[in-house]
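In short: position in the sequence shown from 1, add 2, done, that's the numbering used here. Yeah, the Cβ is synthetic: ideal placement off N, Cα and C, and Gly gets one too. From a predicted model like this one, the values you see are computed outputs, not experimental measurements. Notes to accompany the following structure.
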Amino acid sequence: MFELRAFDQKITCDLLSLDDNLFHTAIKGGKKRYHVNNPKGEDFDILYLDNNDDIEKPEVYPAIMKSPFIPKYQNYNETDQSTLYLDYLKGMKYLEYEELNEYSIALTKVVLSFTEMDVYCTDPRILWFIPENTRLHVESELPQLPEEVTIYVQKEFKNGLEGLGFNRLNATYAFHNVFFFQWLLNGRKLSQFKYATVDMGQGGGIGANLAFGRRFERLFLYFGLKLINRKERYGKFRTEMVDNYFSLGLIAEDATDENTLEVTEKFILLKTKAAFATSGIMDVSILSNSFRKEMDEYYEALFHDKKVLGILIRGTDFFTAGVTGDRKMATVPQMLPTIHQWMDEDQYDSIFLATEDKDILEQMKTAFGKKVIAVAQERHSVSELKKDQILSDLEKNIYSEEEYDKMIEDTTVNYFYALYMLSRCDSFLCSGKCNGWDIVNEFNKGKFLRSYKFHVGI
3 MFELRAFDQK ITCDLLSLDD NLFHTAIKGG KKRYHVNNPK GEDFDILYLD NNDDIEKPEV
63 YPAIMKSPFI PKYQNYNETD QSTLYLDYLK GMKYLEYEEL NEYSIALTKV VLSFTEMDVY
123 CTDPRILWFI PENTRLHVES ELPQLPEEVT IYVQKEFKNG LEGLGFNRLN ATYAFHNVFF
183 FQWLLNGRKL SQFKYATVDM GQGGGIGANL AFGRRFERLF LYFGLKLINR KERYGKFRTE
243 MVDNYFSLGL IAEDATDENT LEVTEKFILL KTKAAFATSG IMDVSILSNS FRKEMDEYYE
303 ALFHDKKVLG ILIRGTDFFT AGVTGDRKMA TVPQMLPTIH QWMDEDQYDS IFLATEDKDI
363 LEQMKTAFGK KVIAVAQERH SVSELKKDQI LSDLEKNIYS EEEYDKMIED TTVNYFYALY
423 MLSRCDSFLC SGKCNGWDIV NEFNKGKFLR SYKFHVGI
């Protein structure tokens, strides 16, 4: 991103002329600084700041995540409406920004060209770049506008993942939310593509991968593309298996290298409102009809006319991998007082327990005996895992490839049996923030007598 600086005659650099393509010309030139000849006012300089090296704050991300955190945007077009994500601005009435720079200028052009929004800034130099407009307001200070209908571009770094606050961002991320699809196209024509595919990596569980899939499915549909997966595996799961149990429809026989847009940087794409702030992504429509019918029959056979408390307790890799913050899981001893209270107050006939940890299962059976019912599955204990290891690492060490695929399919079926059973229970307790909590509540659609997610801190 280029910033505007005062003209410094002591610095020797190339000279550009102010026109509509100033920043595009500067990007192609590849220099860090330029003098700009300005027929509309005083000459000035523009200085290039690398979006990653100069603007990003690596300390806000988990240590496992490395640069690049955001595209450099060496190729974009603010006039190509078909490849701009204008739904980011949908329902908004105002754009405000604290600093005039390449990206705030580009956003102003987009807003004035393709929306009915008004733009507010305090820098009269905006009129060097954009003709006077009744919706462009240059004020001595920014007005206090309703936050829910205002995109506010601040100078201080903010990427939007903090509390999913995508209405208030710094310039690079406000720009990213509108232009991300042009980064994916990288100068190619949208008309070339029919499909899109995203590298899911190998670490995620089936719940996370399905949630990502539904997010990306909706995102690409905005641009007229169908999400597919051309690889044998969708993450660590066989694509054929995923299509059998779920409704993403990942297989396309006519997909080719030429008609499929490939995304390798999933994390960068997720840092957009289009991908991350999508609601209703994991309702029961994610399940295939046959799979859902099978699970309904199972629930009726197991719990017909019983009052059931559903409990999800994550353990094992959440403990050994050192997960912190709001994703730290409560232990059984921490949960027992609440479980006993609910059992006494609501008089549940049974507890349906979902856990991948055999130590947790034994603790719950000790506390509640035959009231505890769980889906049969292979479970591990914390002692089986090395420090910083996750379940998928352990499983790969234990099984051959053929056995691993069979185990993964069985685990996937059992996982969704457990979550679907939980969603049909009368109430729901969860040990902490995890995909399971989100999926169960999406499946249930607010019908629980009561539900609670534990927050045990750092």
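Candidates the options, of which the one nearest residue i by Cα
i	options	result
Cys436	Arg232, Val286, Glu364, Tyr454	Tyr454
Asp348	Leu363, Ile375, Arg316, Lys308	Lys308
Asp21	Ala332, Asn39, Leu187	Asn39
Gly203	Ala303, Tyr197, Gly215, Glu80	Gly215
Cys15	Ile48, Lys42, Asp412, Phe4	Ile48
Val310	Ile375, Asn291, Gly371	Ile375
Leu229	Thr357, Ala332, Lys196	Lys196
Tyr99	Gln146, Ser69, Lys74, Phe418	Gln146
Asn23	Asp55, Cys123, Trp130, Phe71	Trp130
Leu257	Leu227, Ser84, Phe248	Per the sequence presented here, residue 257 reads as Ala, with Leu not at that position. It is Leu227.
Gly206	Ser249, Asp245, Phe269	Phe269
Cys123	Asn103, Asp346, Ile29	Asn103
Gly165	Phe418, Tyr300, Asp285, Phe278	Phe278
Lys157	Arg137, Trp185, Ser106, Asn135	Ser106
Asn161	Phe71, Gln343, Asp120	Phe71
Leu250	Lys233, Phe218, Pro41, Glu134	Phe218
Ala198	Met345, Thr266, Met337	Thr266
Lys30	Asp346, Tyr75, Lys447	Tyr75
Thr280	Val286, Leu272, Phe225	Leu272
Asn79	Ser69, Gln184, Leu363, Gln365	Gln184
Arg170	Phe354, Pro133, Pro148	Pro148
Ala28	Gly43, Leu6, Ile13	Leu6
Lys330	Gly167, Asp359, Glu255, His457	His457
Leu1	Lys68, Leu252, Thr81	Because the chain is modelled from 3 through 460, residue 1 falls outside the range shown and cannot be assessed.
Val113	Ile341, Met297, Met243, Leu86	Leu86
Residues bridged to residue i [DSSP beta-bridge criterion]
i	result
Val310	Ser352
Arg240	Arg235
Ser429	Leu311
Ala210	Partner(s): none; Ala210 has no beta bridge.
Leu18	Val38
Asn103	Glu5
Thr152	Tyr96
Lys228	Tyr197
Tyr50	Phe4
Ala376	Leu355
Val461	The structure shown has nothing for residue 461, since the chain only spans 3 to 460.
Phe248	Leu289
Start and end residues, alpha helix (DSSP H) containing residue i
i	result
Leu263	Where Leu263 is concerned, there is no enclosing alpha helix (DSSP H), although the beta strand (DSSP E) it sits in stretches over 262-265.
Lys367	360-370
Phe4	Element bounds for Phe4: not the alpha helix (DSSP H) but the beta strand (DSSP E), 4-8.
Tyr300	291-305
Val442	437-446
Phe25	24-31
Leu129	128-131
Leu272	268-272
Phe278	275-278
Own chain partners of residue i with C-beta closer than 7 Å, once the 5 adjacent residues on each side are dropped
i	result
Ser193	none
Phe305	Ser352
Thr274	His178, Asn179, Phe182
Lys33	Cys15, Asp16
Ala420	Ala356, Val377
The beta strand (DSSP E) enclosing residue i, as first and last residue numbers
i	result
Val38	35-39
Asp120	120-123
His178	No beta strand (DSSP E) holds His178; the alpha helix (DSSP H) holding it covers 173-187.
Lys455	453-455
Leu166	No beta strand (DSSP E) holds Leu166; DSSP gives it neither H nor E.
Other residues of its chain near residue i: CB distance less than 8 Å, five sequence neighbours each side excluded
i	result
Asn188	Asn77
Asp45	Phe9, His37, Val38, Asn39
Val151	Gly93, Met94, Lys95, Tyr96
Thr117	Leu88, Leu91, Met94
Asn261	Gln194, Phe195, Lys196, Tyr197
Glu141	Tyr122, Cys123, Thr124
Met3	Tyr50, Leu51, Asn53, Ile57, Tyr75, Asn103, Glu104, Tyr105, Ala173, Thr174, Phe177
Residue i at chain B interface by Cβ criterion, 8 Å
i	result
Ser142	Among the chains of the structure shown, chain B does not appear; only one protein chain is present.
Close-in-space but distant-in-sequence residues of the same chain around residue i (CB under 6 Å, 5 per side omitted)
i	result
Gly209	Asn437, Ile441
Asn159	In the sequence as presented, Asn is not what sits at residue 159; that position holds Phe. Here the set comprises Lys59, Asn172.
Tyr247	Ser290, Phe293
Cys432	Leu314, Trp439, Lys455
Leu451	Asp428, Ser429
Asp346	none
Arg232	Thr199, Ala257
Ser425	Val442, Phe445, Asn446
Phe370	Ile353
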